[in-house]
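Asks: First the structure, which I've put down as structure tokens, then a few questions once you've had a look.
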Amino acid sequence: MIDLRGKRILFTGRLRSFRRLQAQQLATILGAKPVNGIDKNVDILVVGIISKPYDQLLTTQKLTYARTYGIPKIDEL
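At position 46 of the sequence shown the residue is numbered 46 (the UniProt record's numbering), and the sequence of numbers has no breaks.
The following block contains the structure:
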């Protein structure tokens, strides 16, 4: 398990296990600081399901930003 204490985390995509608010509450219980927007201060991006039409790239603005600035990404599960 990843130590989330003091980490600023952000969620992107549709979460399979929880509603977004539940995931944020659980993250808070585990010591993380959920945030609502991407910036260079985000420590971890939690990625759920990304679904788009077949002719579009499976990414989000948050994922693109995280790749650009080297923000670690983890799968929701």
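We treat Cβ as the ideally placed atom computed from N, Cα and C, and that holds for glycine. These numbers were taken from a predicted model, which means no experiment stands behind them.
1. Just to confirm my understanding: we take arginine 14, look at its own chain, exclude 5 residues before and 5 after, and list those with CB closer than 6 Å. What are they?
2. Please confirm whether threonine 12 and leucine 45 have their CB atoms less than 9 Å apart.
3. Measuring only the C-alpha atoms, how far is alanine 23 from aspartate 55?
4. Specify the secondary structure class of isoleucine 71 as computed by DSSP and reduced to three states.
5. Is it the case that the Cβ atoms of glycine 37 and leucine 63 are separated by a distance below 9 Å?
Replies: Answer, in terms of the structure:
1. Close CB contacts of arginine 14 within its chain, under the 6 Å cut and outside five residues either way in sequence, are with Gly48 and Ile49 (chain order).
2. It is a contact, given that the beta carbons lie within the stated cut-off.
3. Near 30 Å, if we compare the C-alpha coordinates of aspartate 55 and alanine 23.
4. Coil at isoleucine 71, not helix or strand.
5. It is not a contact, given that the beta carbons lie outside the stated cut-off.
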